[in-house]
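Here is the structure we will look at.
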Amino acid sequence: MNDLLTGVQTAFELILAADPEVITITLTTLRITFSSVLIGTLISIPLGAAITFREFRGKKTLISIIQTLYALPTVIVGLLCYMVLSRSGPLGDLKWLFTPNGMIFGQTILIIPIMAGLTIAALQAIDPIITDTIRSLGATRLQFLKSHLREARFAIMAAVIVGFSRAISEVGTAIMIGGNIKGHTRVLTTAISLQTSMGNFNLSLALGIILLAIALIINLIMGFVQNR
Amino acid sequence: MNDLLTGVQTAFELILAADPEVITITLTTLRITFSSVLIGTLISIPLGAAITFREFRGKKTLISIIQTLYALPTVIVGLLCYMVLSRSGPLGDLKWLFTPNGMIFGQTILIIPIMAGLTIAALQAIDPIITDTIRSLGATRLQFLKSHLREARFAIMAAVIVGFSRAISEVGTAIMIGGNIKGHTRVLTTAISLQTSMGNFNLSLALGIILLAIALIINLIMGFVQNR
Amino acid sequence: SAEKVDTLGEHSEDRLLIATTTSLDATKLLDLLEEKFKEDTGVNVEHVAVGTGMALEIARNCDADVVMVHDRVAEDKFIDEGFGVDRRVIGYNYFLLVGPENDPAKVSGLNGTAAFMAIEDAAESDPSVVFVSRGDASGTHSREKLLWKWGGYDYADINVSPWYREAGAGMGQTLTMTDELQGYTLSDSASWGTYESNLSLVPLVENDEKFLNVYAVMRVNDETCPDVNTDAAKKWINFMISDEVQDILSTYGVEKNGVPYFSPGRGSADVMGVTDEETKDPVV
Amino acid sequence: MIDIQDIVKEFDGNIVLTGVTETIQRGEIFAIIGPSGQGKTTLLRILGLLLKPTSGRILFEEKSITHLSDSDPVRRRFGMVFQSPVAFKDSVYHNIALGLRYRGFSKEAIREKVLQKLDEIGLTGYENRKATTLSGGEKQRVSLARVMVTGPDVLILDEPTANLDPVSTEVIEDLIRHYNKNLGTTVILSTHDLMQGQRLADRVAVMMNGRFIQSGPIFDVFTRPCSEDVAKFIGISNVLSGKIIRKEEGMSVILVDGTEIHALAEDPVGTQVKIAIRPEEITLHTGPDRLSSARNILFGIVEAVRPFGIISLISVKSGDLVLSVQVTWQSIKELDLKPGVQVTLSFKAPSVHIMPDENSHAC
Amino acid sequence: MIDIQDIVKEFDGNIVLTGVTETIQRGEIFAIIGPSGQGKTTLLRILGLLLKPTSGRILFEEKSITHLSDSDPVRRRFGMVFQSPVAFKDSVYHNIALGLRYRGFSKEAIREKVLQKLDEIGLTGYENRKATTLSGGEKQRVSLARVMVTGPDVLILDEPTANLDPVSTEVIEDLIRHYNKNLGTTVILSTHDLMQGQRLADRVAVMMNGRFIQSGPIFDVFTRPCSEDVAKFIGISNVLSGKIIRKEEGMSVILVDGTEIHALAEDPVGTQVKIAIRPEEITLHTGPDRLSSARNILFGIVEAVRPFGIISLISVKSGDLVLSVQVTWQSIKELDLKPGVQVTLSFKAPSVHIMPDENSHAC
Ligand SMILES: Nc1ncnc2c1ncn2[C@@H]1O[C@H](COP(=O)(O)OP(=O)(O)OP(=O)(O)O)[C@@H](O)[C@H]1O
Ligand SMILES: Nc1ncnc2c1ncn2[C@@H]1O[C@H](COP(=O)(O)OP(=O)(O)OP(=O)(O)O)[C@@H](O)[C@H]1O
Ligand SMILES: [Mg+2]
Ligand SMILES: [Mg+2]
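Protein chains in written order, with our numbering: chain A, 5 to 232; chain B, 5 to 232; chain C, 468 to 751; chain D, 699 to 1061; chain E, 699 to 1061.
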């Protein structure tokens, strides 16, 4: 319990002291998380929309598979991406292993299933009469998509929040692909793991609090945007 | 890439050979995951419903906080639960540290925010006229809840699937509270981490495939139940 | 060992919990010894394998009965704080310096300290020379820091050098990364044994006295932690320095690794730089 | 039975109900009519215990029910059918059984009641259909059945037949009447179908500007609108201004745009009044003057014929006066009515409805 | 302009449209009436290019549009308003502007059109309101405005005024007529309000059992229903069976339940026929026999009075015949009509509508 208090205290000290290492870690985290959420969104939303609005054989099975992939352990994603990005792997030439780019790659893959799945759920929840109205007003494909996203904006926003949360809080992929290299690929979660393994529990908690503070700010901003 | 193929092959071998260690790990995983999803559901759904259907000051903020907690890193949850369950912690007398019960405790806490958050989203998506109808038909509090859950069953089921996926795929809490004790608290994800750290990538993948197979079966069953 | 799964999820009464470092766990030696111990004493032994720092922290919180680590500096601090008692040395092996086959820093054949100096030297001019550090305050990391110190460097300078990569990860992860970067790293021999086959790296400096890696066991002080299973802990320590276990150590791993993972501690007090008592006196 | 006391309702600063007061008797059918967006649904939702008024009280059997808890048993004595049909994502059977399930009826009792209700609403055989795929009218009937099957003491219906064809409407109206007569159910409904209001209701209230601008027995309201707005709303389209100039044979003679009109007005000579004459109460003849007992006989020229199907509206100009007259298409054909034709209009004195000149006075 | 060719639609083995064929002319107003659940909405959704028929074709300007891609520009020439109002979770302004945005109008052009349309539907000042909190009628008007503002060539309206009061209905009907007259918009609408069908439409089709059982100019359909079902549906409640027993003065004399009725029937003597007489086409008198030019004069006794507000339905028994007669409440009061009173009924020969005895033959 004491650790918790000192953790909070340490968090404030770190923030107030503008500890350069913490700042670097936080910036790296933000950069990687935002990039993967952005790319993940750009992929998941059209993907989810295509699955929702198209009729094809095996659609239900595909959705089940996407939902299954929610359970993909981050280490497995990390491992698979490692194999792909490794020097001996198919994308070895990119030299993305142990770089932020590699981490963005891995986290994007990690969050696509849940973001696409929640997008599908969000779009399926729209009253069919809304779809009919949009179609009969003569929307082009893009307008059709935009109007649906707008109508389901709360649920889509929630999907993005879930994707963001998953990306910022996961550690398995980050450590497998990034390697937790100090000053380069160390992010909040890998730093937390490291501090924990070193027994520095209060420092871990301090970093955890910083991470949650970031998430809270993002959520409040999103909530503010939603309510406008 | 080769690892991937041998991983699939190894997975089949392990399953076909009914490897006793793998069976133990899988059963432990199922037991812990199901328990935490069950307890998590029993807590999150009433919690989500209470938040959805009650008006109180700070409701929006509370929802933002719940959404923020989606981003709670599993290690942090593990660490906090560790502090609580440690012999020097407030619940030390339970002696749950490094036991499956402790892991259930930790995972339940881990999945409550996202399950409650998605429950809130599911219930908020119900057309208010449905709520009015249920109220005006004279439902008791419990009937009111049941009818809403039934109406939102797809989205609620999705919330449960997300909770299940998070529980079965996370490793930070499991390792911090369970300790990955062989034959006792070793679950699929901690075993995967261990095998990965030992460089047995194809064994990791094999365990990952088993994990996904379980998730797929659960999803197909849920999908089947949904469609009835 | 499925019978160990306790359906209630509670500890069975006679249960000994060991907090240990991952390198010990990776050899599966503990699994073997735990079964033997159970046969001998009826005590269920379980271990959690975590980083050295965390292992000691768990013990400080009274959550483990026995600690097994390989970091003399941290161990001494732990004992001085009054948490650890009855330290015994169980065995040793050597860290090894591994690196790329072409060995750009030409460390092969050098002794431990000289090899580190050679790496620093080469790295200043040759950008292909990279050193990867565990960077996780583990026993291995501790030794690496010592080696820099012994080479006459200030670790704070080394730590910020462009060729020095702090992985902040376990041994396996660090080895994988070193392999990818074709760099140098210090590894414990047990981890190397399990990882070797996946890697293109080769051992360049082995069995150097500066690379000596001593594994110790101690129990958690029952005065600071009254709930610990002191009886079983003492039995475990005595078991570890018993002839039975020491004999196992002398052959364990030969099948898989060619050579044993550990050398028994008994009779090698001078090699390890510890007192004879620490290798053989049973605790009471 | 239900006392509505000065109910005010505000949504985000927008006052929708400005003070509604009315007493509804046990066992009566009370209809609310009024233009779109005037607060009918809002009031019904307050009566249905779904919305709390900003101020004012509702008494039910002398007890206030304005701030009822969600689990109060009084709720079960009220049933409400909403303006837009409500379909749960379930079978039609489940949709109708819901309220019975809430009340703990046995499986068999529910089955019997639901099947009987399905029969009554003309949807026998629909029990296993998904309610969400029903047609508009089918959904509306299911929504009605869901509430009716619980046998509420007070039935609140918001536009119950808006989506129904005349035949289904008749079925539903008969059901409502049946409940009202045989079970003593008090019925409060809103409707846009003025004929429905007249067919069903004992009393009617006209909601305008967030309050009951007029209420009373249907005959009174439909024959004696209290203002020009009400008159127009209930379809009395000939609303004219005039002044009582003298009394004659117990009747008042009113000068309207230079024409003298006889009416049964109590007001003294000199009073400025508004008069209204329903287009269907004016008889139209052509050809030679015909004898008629009607007190008012005017000669005029057809200005325009607006064919509205079976019934057409014809504008006739008589002096400075323009009157709308309702005729059937048969008459149009037989009398060859078209602009320019000379016609005679006649209407009786009691057909002339007198209203005060200023809206504010009576309403 | 629109050729509907043998459209069949099946939902999960349930055949809803059994073969609809009809040609709709450019610029006409075509109304579909029919009982609930008979396929009106389904057909309109097919015409609105939202649903593919199971078989059959739709031609638009001679080109098949049955399987149109979602992005085909022809879509923009069609506009459809749905039976239940649709409100996007946005401002009223955004709701109405949507179709214009799709068409790439400039911000200013959109603003101008939307504000004008808001004015036309009587919702000026509502632009910033959240559409989901509107009243039923307000939502329906917004739904209409959203489509109308895009100026489609073909306007498909599914029960456009179901949620509207008479005054708003008139506003909307005027708008529809305006579009039809001034812009040449072809209008296809379904309605439960038979009067609306008659007021608005050029032609009307009666949908029963998944097809158009009768279609034609409104006058024809409303005066000469082709079957008893149609007759009943359009409110001709006196449907009786009889046989032509002889011809007299160019008219047929039909024996119905022992009573002779004169009608204008072409069928030969001996034909079994159904006849129908609208309740409003029968005149009722009391007291001494009155002279009347009507060919049919019957004497009877009032059996029941069903007060339906302004208009009441009275059942009169004449011999074995029971007829419904429509009278105003004034008449009821003046003639003191109540069960047991002796009355005279009269109706002209042309008021007797002749239908073949078997439904299947004509329809
Ligand atoms: N939740 C709300 N927030 C803001 N305004 C509302 C809300 N609900 C209703 N209103 C407004 O209150 C007014 C009255 O609405 P109400 O639904 O009671 O009208 P109504 O008489 O039933 O109309 P209609 O005949 O169209 O159904 C409308 O102008 C409506 O827009
Ligand atoms: N998706 C569907 N699946 C199954 N049945 C359907 C579906 N849509 C409509 N139906 C059925 O088809 C029939 C015709 O429906 P439709 O909505 O066309 O009727 P309608 O004539 O418009 O009725 P209303 O006057 O009640 O609006 C109804 O019995 C309806 O239940
Ligand atoms: Mg309303
Ligand atoms: Mg319909």
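Yeah, the Cβ is synthetic: ideal placement off N, Cα and C, and Gly gets one too.
{"query": "For E/L749, which residues from the same chain have a beta carbon less than 8 Å from its beta carbon, with the 5 sequence-adjacent residues on both sides left out?", "result": "K707, T740, R743"}
{"query": "Check whether the Cβ atoms of C/Y631 and C/F598 lie closer than 8 Å to each other.", "result": "yes"}
{"query": "Measure the C-alpha to C-alpha separation of C/N696 and B/L98 and round it to an integer number of angstroms.", "result": "16 Å"}
{"query": "For the alpha helix (DSSP H) that contains C/D689, what are its first and last residues?", "result": "First-last for C/D689: undefined, no H or E at that position."}
{"query": "Of all Cβ atoms in chain C, is any one closer than 8 Å to the Cβ of A/S201?", "result": "yes"}
{"query": "Exposed or buried, D/P923, counting other C-beta atoms within 10 Å across all chains shown (16 or more means buried)?", "result": "buried"}
{"query": "I want to see whether chain A comes within less than 8 Å of E/D965, judged by CB atoms only; does it?", "result": "no"}
{"query": "With DSSP run on the structure shown, which of helix, strand or coil describes C/S654?", "result": "strand"}
{"query": "For chain A, check one thing: does any of its Cβ atoms lie closer than 8 Å to the Cβ of B/Q13?", "result": "no"}
{"query": "Who pairs with D/I713 in a beta bridge, going by DSSP?", "result": "D/E708"}
{"query": "In the DSSP output, which residue or residues are listed as bridge partners for E/M949?", "result": "E/E946"}
{"query": "Relative to the C-alpha of E/L745, which candidate in E/I995, E/S833, E/V885 has its C-alpha closest?", "result": "E/V885"}
{"query": "Could you run through the segment 834–858 of chain D and flag, in chain order, every residue whose CB is less than 9 Å away from some CB of chain E?", "result": "G834, G835, E836, K837, Q838, R839, D856, E857"}
{"query": "Beta-carbon within less than 6 Å of B/G121's beta-carbon, same chain only, minus the 5 sequence neighbours each way: which residues are those?", "result": "I70, Q71"}
{"query": "For A/E174, which three-state DSSP category applies?", "result": "coil"}
{"query": "Residues of chain E with CB under 8 Å from A/E59, in chain order?", "result": "Those within 8 Å of A/E59 in chain E number zero; the least Cβ separation is about 11 Å."}
{"query": "Note down, one range per segment and in chain order, each beta strand (DSSP E) of at least 3 residues found wholly within the segment 908–936 of chain E.", "result": "909–915"}
{"query": "Give a yes or no on contact between the segment 39–55 of chain A and the segment 168–188 of chain B, applying the rule of three or more CB pairs nearer than 8 Å.", "result": "no"}
{"query": "Tell me, please, whether the CB atom of E/G735 is closer than 8 Å to any CB atom in chain D?", "result": "yes"}
{"query": "Only counting runs of 3 or more residues, tell me where the beta strand (DSSP E) segments fall wholly within the segment 721–778 of chain D, in order along the chain.", "result": "727–731, 753–758"}
{"query": "Measuring alpha carbon to alpha carbon, tell me which of A/P77, A/R58, A/I133 ends up nearest A/M180.", "result": "A/P77"}
{"query": "Using DSSP with H/G/I as helix, E/B as strand and the rest coil, what is E/T957?", "result": "strand"}
{"query": "Whole-angstrom Cβ separation of C/D694 and B/R91, contact assumed at under 8 Å?", "result": "6 Å"}
{"query": "Say whether chain E places a C-beta atom closer than 8 Å to the C-beta of A/I160.", "result": "no"}
{"query": "What residue ranges within the segment 879–905 of chain E form continuous alpha helix (DSSP H) runs of no fewer than 4 residues, ordered along the chain?", "result": "892–898"}
{"query": "From A/S68, A/L73, A/N105, pick the residue whose C-alpha is nearest to that of A/L249; which is it?", "result": "Outside the displayed span of chain A (5 to 232) sits residue 249 of chain A, for which this structure offers no information."}
{"query": "Return no unless some Cβ of chain C is closer than 8 Å to the Cβ of A/S90.", "result": "yes"}
{"query": "Let me see if you follow: with CB-CB separation under 8 Å, is E/P864 close to chain D or not?", "result": "yes"}
{"query": "What does a CB cutoff of less than 6 Å around C/P670 pick up in its chain, not counting 5 residues either side in sequence?", "result": "L563, V565"}
{"query": "For D/Q703, I'd like the list of residues in its chain whose CB is within less than 8 Å of its CB, leaving aside the five on either flank, ordered along the chain.", "result": "T719, G754, R755, I756, L757"}
{"query": "Along the segment 732–761 of chain D, where does the CB come closer than 9 Å to a CB of chain E? Name the residues.", "result": "G732, P733, S734, G735, Q736, G737, K738, T739, T740"}
{"query": "Counting only beta-carbon separations shorter than 8 Å, does A/L153 have a partner in chain E?", "result": "no"}
{"query": "Is D/L881 near ligand 2, with its Cβ less than 7 Å from a heavy atom?", "result": "no"}
{"query": "Given 7 Å as the limit, tell me if E/G735 has its C-beta closer than that to any heavy atom belonging to ligand 2.", "result": "yes"}
{"query": "Taking 8 Å as the CB-CB limit, is A/L76 close to chain B?", "result": "yes"}
{"query": "Does the distance between the C-beta of E/T831 and the nearest non-hydrogen atom of ligand 3 fall short of 7 Å?", "result": "no"}
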